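Asks:
Protein chains: 4
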Amino acid sequence: MKAVVYRGPRNMQVEEVPDPVIREPRDAIIKVTSAAICGSDLHMYEGRAEIEEGRIFGHEILGVVEEIGPGVQQLQVGDRVVLPFNIACGECFNCMRQFTNACLTVNPDFAGGAYGYSMMGPYQGGQAQYVLVPYADFNALKLPGAPDDEFEDDFVLLADVFPTAHHATKLAGVKPGHSVVIFGAGPVGLLSVMSAQIRGAYEIYIVDHYAFRLEKAREMGAIPIDMNDGDPVEQIKTLRKNNELLTAYARPGEEKIADGVLSGIDAVGYQAHDFEDMSREDHTQVLQHLTDIVLPTGCLGIIGVYLPNDPGEEGDAAQGIYPLPWGMMWSKGFTVGTGQAPVRQHDLYLRDVVIGGKAKPSVIVSHHEPLDKGPEMYERFDKREEGVTKVILKPWA
Amino acid sequence: MKAVVYRGPRNMQVEEVPDPVIREPRDAIIKVTSAAICGSDLHMYEGRAEIEEGRIFGHEILGVVEEIGPGVQQLQVGDRVVLPFNIACGECFNCMRQFTNACLTVNPDFAGGAYGYSMMGPYQGGQAQYVLVPYADFNALKLPGAPDDEFEDDFVLLADVFPTAHHATKLAGVKPGHSVVIFGAGPVGLLSVMSAQIRGAYEIYIVDHYAFRLEKAREMGAIPIDMNDGDPVEQIKTLRKNNELLTAYARPGEEKIADGVLSGIDAVGYQAHDFEDMSREDHTQVLQHLTDIVLPTGCLGIIGVYLPNDPGEEGDAAQGIYPLPWGMMWSKGFTVGTGQAPVRQHDLYLRDVVIGGKAKPSVIVSHHEPLDKGPEMYERFDKREEGVTKVILKPWA
Amino acid sequence: MKAVVYRGPRNMQVEEVPDPVIREPRDAIIKVTSAAICGSDLHMYEGRAEIEEGRIFGHEILGVVEEIGPGVQQLQVGDRVVLPFNIACGECFNCMRQFTNACLTVNPDFAGGAYGYSMMGPYQGGQAQYVLVPYADFNALKLPGAPDDEFEDDFVLLADVFPTAHHATKLAGVKPGHSVVIFGAGPVGLLSVMSAQIRGAYEIYIVDHYAFRLEKAREMGAIPIDMNDGDPVEQIKTLRKNNELLTAYARPGEEKIADGVLSGIDAVGYQAHDFEDMSREDHTQVLQHLTDIVLPTGCLGIIGVYLPNDPGEEGDAAQGIYPLPWGMMWSKGFTVGTGQAPVRQHDLYLRDVVIGGKAKPSVIVSHHEPLDKGPEMYERFDKREEGVTKVILKPWA
Amino acid sequence: MKAVVYRGPRNMQVEEVPDPVIREPRDAIIKVTSAAICGSDLHMYEGRAEIEEGRIFGHEILGVVEEIGPGVQQLQVGDRVVLPFNIACGECFNCMRQFTNACLTVNPDFAGGAYGYSMMGPYQGGQAQYVLVPYADFNALKLPGAPDDEFEDDFVLLADVFPTAHHATKLAGVKPGHSVVIFGAGPVGLLSVMSAQIRGAYEIYIVDHYAFRLEKAREMGAIPIDMNDGDPVEQIKTLRKNNELLTAYARPGEEKIADGVLSGIDAVGYQAHDFEDMSREDHTQVLQHLTDIVLPTGCLGIIGVYLPNDPGEEGDAAQGIYPLPWGMMWSKGFTVGTGQAPVRQHDLYLRDVVIGGKAKPSVIVSHHEPLDKGPEMYERFDKREEGVTKVILKPWA
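Chains as they are written, first to last, in our numbering: chain A, 41 to 437; chain B, 41 to 437; chain C, 41 to 437; chain D, 41 to 437.
Okay, here's the thing in structure tokens:
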């Protein structure tokens, strides 16, 4: 079959590789109809996360069950399924507690598995014509409809970015009536806007420095904050302090709630840039901004990736050790949630959100391309080329 | 001052009564700009809840601070405020745990106080030109703007029906992606639709037998179920089973989720009617329907009023003892939340939901009338006259 | 193999029956080392819950894996395991949300399965030498040690009564510093005392009318309330009102917290007796008492069984419809949790509670008997014979 | 009156100062019967937190109401009360949400107030004969008994260290069956052991390097880990891996749960020392250890103090900016709770835990001394002199 294969930093290749085969009784094989490129793939693509050459990338996978092992009892050949990016057994101490992001069974080296990803076990990705699914009854979520219907793009986003965004809003404690700030208007940031709306947030700021992303965020109902226009923290504070409705009801002392927002989301991660010098990485830029703009008692949802190994850095940063404004974070009494989303928890509900027409995550999709264009699309997405918001590869196109 | 006074069942009078006076240091007096008539006032109006003659009714009150006692430290004369219907001290064991609906201090006879209400302490209501507020720093929630601005109707609904509806959706466990059924399309039922949407519900059924209410619910985005068209439980089951998108993704056995919904709300209470014979009260009709249509593991939010004394009944029913389908409720493993809403918990957020334009509860308001028309409006609202959805009295009109 | 088989009301027989055989790939067969008789078995034994003749009873099962199907990937022959009484697939909409008590897959007739139980699917019980386990990787919880070591009795109680009691305390909202009342000092009631202590309750009342049970409860640290000494509600109120430490810190109005307790547990169910005439069943006696003694804002954990079909009754009661003091329950604003415990949720932690020596649930075990004595022990347990607290059958003795 | 006054780093003086006077209507004055010295006082004492000379220290205060302002409605002269260390209005946006640690009203400079503390408003402390309490109905928690009865020491610990420890265990997600590690065996660390037991933890490790503290922890039921014996992380891992009961039940992969614990508490803060060179401060030593020993999915409760200003440091550390192992914290998916405890939330329950005899926090008290010995006791406590576990000053001795 054809697959998008990693051949070293900034070098993806489309290659002919062997078809996957059933090894364990509960395995299944999926014929892939859509496979998206994720922002987190770019960490590996840029050589900023360890991965061996030859690995197939891709952990956002939608398709149809092609073959099942003898231990698969519920899934059937022909079922349309999305694969939550976490590979999990469903039965270990962590899975039982719904932490499918930290399955103890599927990854000998750490907690948690994923398709085609650094440190997440030996699994091949799904930017290919077929992909193997372990513990398939658990890991394949059945969906209605047929390939390439009007839900195709929505459903593939259930593999990662939509539930990841939804998890971010959960970690950030977003509730009806909350004010929220989101750093990063990439796919996860944009869908965090959507999720914050679903959870009833009344005011949603989103910060980025690419105009086309901010415009998309604005269309989706967020208040765009362009870092090119100055310190985003000051911009938000000014907007809130100038909001007479907000400040007029404050009793003495309460006007401090105009100084910030209740919930903050980091949808950028360790490859953030210094907002005053965009050519320079500043691993903690977003965390600094969040510390400044989130109010005391607030919650932070850190869904942008941070890793304990960064082959592109030296010193502390090579081990993911960063200078954090910890004294202020503590003084504000933040609750901070981190880590990969346990997709399964959220998809049970988001599936119905999508089917019921309550949300249309596919509004962020900008490109559908055949597998052969995978390497080119990696390059264009990595450059944040104007208009390249979210790319879906079509393995059979 | 003028006030709407109870003079016996179905007999409200507009009378001249003495102005309220400050008695305790933390009291304040509010000049009332809007006071709504609540469906729960009708229980007393109809003689179905005990209340002495001469009491001023009205627990949905918006106005401006007219005078403050010497112990009031934060509130100021001229502040625009809404009064959550629960009167509470803010400092007892229950208030400290945010159960302002069960304040131990303000009502010698039971837990919880309210303005002008049966068994809720000796307080006068606010369908009057002025009203006294105990523990005013705690019980008056400051708001922006000025009387009769574009938020006047929204803000008065923060006194009871909007936070009560919001509480109903909390008790019913409504979360993103939930299916919900609401029995009763009166003010609380309609605002439960709005709250369920704020909480991300994807499918909201609402059951009633008045066409004008169902039409309003439909406009607000709910799926109306008319009891005149047959058993509402069967209607909903049929709609869900015919929804191919819903059933197509079910794995073997999972198709049972089309048999019902996850969250159920009772916005009717003990004066429900038998759906097959609308002339006859059936106190548990809604509870029976909820038991039938809510799925195992589901949550019920019982926000419609049930009382331990019903002067209009005999036998068990006079004491609020009703035959419930308890065996089935238990077998389905329901979680059931009951009781009056602790308004304060919700208003902190709903205030911003309204100010931020995320929701406009005033869409349910149908009438603004001077105080003199209070008795007439009680009669018309009690009859469920077509078009009388929600009545607001204007004491200074 | 030998098994305890139901042959009609009050007629259990030990019979030779065929050994279970693997049918589905994920099945396993367990060699049973301990199988307890549960109070809930008595509903069927007495003909008060529907079950066909010939069924093997027993849903509290501890043993060793004897054989595994070809789809079992994690469990191994020789593993020591306890079987949570709920049979569940681990992968349907309800299981994914941790409601293994309401699995949609394993029971075609309703939500939720169990071994050898009325309306819970076609499964044989474990009061036998072997038992079949569906979805064995999910349904068999691995344990340390070897058969008949010092944990044998503790571990078999992980199948039902200990996690069920723990669930009761969760439903009843028991937290550090809570006062609790438990109705029924049978195995679940006694272990509710233990669970309430584990959760930090400071004052635990337990109500029963058998002296030997109350004495055991007292040994375990509860305050026994003997129904033979008068109305248990009045007894508890008197004890609390006479507690000077409790009442002395109350501010004006707060003394009402001496009128009751915050958390209430029903560990009796529908076969409760009238406390003034113990010869007479009163299905709602416990619910009436709980309504009287639990404080406003309180939580009820209804873990005693209520069923929608009672072959031993007529009229409403035959369908599990009972007169409840609903008006008062609502006025007090109770939160009521019902239904069977999702054992798996709790056992992940209770396993370590036991292994770490934090609790020794086996203190309630009174009898170990060979399978042949099963019928006799059913009879003695059903009579609440003095000293028969909890019976464990030993299939290989 | 006499009071313990700050006169510069390591210079406390007992001085005659003016008695406090009622200024606002809701103020009260308390005659102090016990006032403890807190570990957090030592940050100021050592010149490591900003505070002006002349301030009275002391935020752990028990006493009797001496005088009340005209707006105090519930508290009465003669009431025995403890003062939660957070000063709060009870009515602002944060107080209403139970975050009394972040009151917006009482501190013009930031969120949250306290008696005699750096950056927490202009309030005098209670290591004195009298102290002023703002919003006294809210800030004074009534207690039973009389000065110097058997609860005197327990009750003064309700002002801070016991609820703070309880909050730590909440932030760390401690639940029945959890394994816990606590860094620091000072008063808060020791009472975290007690709180973890109250919450049902089954295995509690505590790390320190003072033998007398570890011995006390051992007496209280914890497993002491002496940093003098080597890397505490390795010591705990070894203990767990050698626990056959723990590892025997693991399925393939699950043995990783022996690598750490589920809940971690930092009861040390920014003045931690390098465990390999105790003469050297290492601000993040505890955070590094927690990151290593807490399992993926775990929760951290950071109750040890971190501040955004450290007059004793230069560079990043002077602003509370520290190098954290953020990449690993994120990869493990930690949830991190920080900040001062909202004491009021916890004391409502802990009061009854103490009165009911469920816990005796005063086991940690080592010294009762007259106010005149205050300066000496600061010095001895600061040196961690053997046996000086917790000091209570008696202003009237």
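We treat Cβ as the ideally placed atom computed from N, Cα and C, and that holds for glycine.
Source: prediction; values computed, not measured.
Alpha carbon to alpha carbon, how far is B/ASP314 from B/GLN237?
Replies: Distance between the alpha carbons of B/ASP314 and B/GLN237 is about 29 Å.
Asks: Does DSSP put A/TYR157 in a helix, a strand or coil?
Replies: DSSP places A/TYR157 in coil when its eight states are reduced to three.
Asks: Which two residues bound the contiguous beta strand (DSSP E) that contains A/LYS210?
Replies: A/LYS210 -> not in any beta strand (DSSP E); alpha helix (DSSP H) instead, spanning 201-211.
Asks: Give me, in chain order, the residues of the same chain whose beta-carbon lies closer than 6 Å to that of D/LEU102; leave out the 5 immediate sequence neighbours on both sides.
Replies: Hits under 6 Å: THR73, SER74, VAL122, PHE195 and VAL196.
Asks: Given 8 Å as the limit, is there contact between the region 46-53 of chain B and the region 80-91 of chain B, that is, 3 or more CB pairs closer than that?
Replies: Touching, yes, given that three or more Cβ pairs across the two stretches are closer than 8 Å.
Asks: Measure the alpha-carbon distance for D/THR140 versus D/ASN147 and round it to whole angstroms.
Replies: For D/THR140 and D/ASN147, the distance between alpha carbons rounds to 12 Å.
Asks: For D/ALA128, name the three-state secondary structure that DSSP assigns.
Replies: Of the three classes helix, strand and coil, the one that applies to D/ALA128 here is coil, per DSSP.
Asks: Check A/SER303 in the structure and name its three-state DSSP category.
Replies: A/SER303 falls in the strand class under three-state DSSP.
Asks: Specify the secondary structure class of D/ARG120 as computed by DSSP and reduced to three states.
Replies: Three-state DSSP puts D/ARG120 in a strand.
Asks: Output the boundary residues of the alpha helix (DSSP H) element that contains D/LEU327.
Replies: Element bounds for D/LEU327: 325-333.
Asks: Does any residue of chain C have a CB that is nearer than 8 Å to the CB of A/LEU172?
Replies: By this cut-off, A/LEU172 is not an interface position.
Asks: Hey, how far is the Cα of C/GLU190 from the Cα of D/GLY217?
Replies: Rounded to whole angstroms, C/GLU190 to D/GLY217 spans 19 Å at the Cα level.
Asks: Between the Cα of A/MET260 and those of A/LYS430, A/ASP67, A/ALA312 and A/ALA399, spot the shortest distance and give me the residue it belongs to.
Replies: Minimum Cα distance to A/MET260 is reached at A/ALA399.
Asks: Flag A/TYR157 as yes if its beta-carbon sits less than 8 Å from any beta-carbon of chain B, otherwise no.
Replies: No, A/TYR157 lies away from the interface with chain B (no Cβ there is under 8 Å from its Cβ).
Asks: State the Cα-Cα distance for the pair C/GLU321 and C/GLY352, rounded to the nearest angstrom.
Replies: Going from the Cα of C/GLU321 to the Cα of C/GLY352 covers about 11 Å.
Asks: Starting from the C-beta of A/ASP387, find all residues in its chain whose C-beta is less than 7 Å away, skip the five residues before and the five after it, and write them out in chain order.
Replies: So the list reads PRO124, LEU181, LEU198 and PRO203, once near-sequence residues are dropped.
Asks: What residues from the region 131-161 of chain D come within 9 Å of chain A, judged by C-beta to C-beta, listed N to C?
Replies: Answer set for the region 131-161 of chain D: GLU131, CYS132, PHE133, ASN134, ARG137, PHE139, ASN141, ALA142, CYS143, LEU144, THR145, VAL146, ASN147, PRO148, PHE150, ALA151, GLY152 and MET159.
Asks: Closest to C/GLY383 by C-alpha separation, out of C/VAL57, C/PRO65 and C/ALA128, would be which residue?
Replies: Reading the sequence as shown, one finds Val at residue 383 of chain C and not Gly. The shortest Cα separation from C/VAL383 among C/VAL57, C/PRO65 and C/ALA128 belongs to C/ALA128.
Asks: Find the nearest neighbour of D/LYS71 within the set D/ASP81, D/ILE244, D/ILE395 and D/VAL104, judged by alpha-carbon distance.
Replies: Ranking the options by Cα distance to D/LYS71, first place goes to D/VAL104.
Asks: Is it the case that the Cβ atoms of B/ARG66 and B/GLY111 are separated by a distance below 8 Å?
Replies: A contact, by the Cβ cut-off of 8 Å.
Asks: Taking CB distances under 8 Å as the criterion, tell me whether C/LYS281 reaches chain B.
Replies: No, its Cβ sits nowhere closer than 8 Å to a Cβ of chain B.
Asks: What are the start and end residues of each continuous alpha helix (DSSP H) run of 4 or more residues lying completely inside the region 57-112 of chain D, in chain order?
Replies: Runs of the alpha helix (DSSP H) inside the region 57-112 of chain D: 81-85.
Asks: Within 8 Å (strictly less), CB to CB, does A/VAL403 reach chain B?
Replies: No, A/VAL403 does not count as interfacial toward chain B.
Asks: Under 8 Å between C-beta atoms, does B/GLN380 make it to chain D?
Replies: No, no contact with chain D.
Asks: Tell me, please, whether the CB atom of B/TYR85 is closer than 8 Å to any CB atom in chain A?
Replies: It does not; no Cβ of chain A falls within 8 Å.
Asks: Could you tell me the distance, in whole angstroms, from the CA atom of C/MET19 to the CA atom of C/MET417?
Replies: Given a span of 41 to 437 for chain C in the structure shown, any question on residue 19 of chain C remains unanswerable.
Asks: Residues in its own chain within less than 6 Å of C/HIS407 by CB, not counting five upstream and five downstream?
Replies: Once the five neighbours on either side are set aside, the close Cβ partners of C/HIS407 are VAL431.
Asks: Would you mind giving the Cβ-Cβ distance between B/PRO58 and B/ILE69, rounded to the nearest angstrom? I have them listed as a contact below 8 Å.
Replies: B/PRO58 to B/ILE69, Cβ: 12 Å. No contact.
Asks: Using the rule of at least 16 other Cβ atoms within 10 Å of the residue's Cβ for burial, across every protein chain shown, is D/ASN282 buried or exposed?
Replies: D/ASN282 comes out exposed.
Asks: How big is the Cα-Cα spacing for C/GLN138 and A/MET136?
Replies: Cα to Cα, the separation comes out at about 8 Å.
Asks: Of all the residues that make up the region 46-61 of chain D, which are near chain C by a beta-carbon distance shorter than 8 Å?
Replies: The residues in question: there are none.
Asks: Which residues in chain C sit within 7 Å of D/GLU243, going by Cβ to Cβ distance?
Replies: The answer, in chain order, is GLY396.
Asks: Look up C/GLY166 in the DSSP assignment and say whether it is helix, strand or coil.
Replies: C/GLY166: coil per DSSP, three-state reduction.
Asks: Compare the C-beta of A/ARG291 with all C-beta atoms of chain B and state if any pair is closer than 8 Å.
Replies: It does: the Cβ of A/ARG291 has a partner Cβ on chain B nearer than 8 Å.
Asks: Any idea if A/ARG253 is buried or exposed, counting beta-carbon neighbours within 10 angstroms, 16 or more meaning buried?
Replies: Looking at its Cβ environment, which holds 16 or more other Cβ atoms inside 10 Å, A/ARG253 is buried.
Asks: Identify which residue in A/PRO410, A/THR337, A/GLY427 and A/ASP356 has its Cα closest to the Cα of A/ALA76.
Replies: The option with the nearest alpha carbon to A/ALA76 is A/PRO410.
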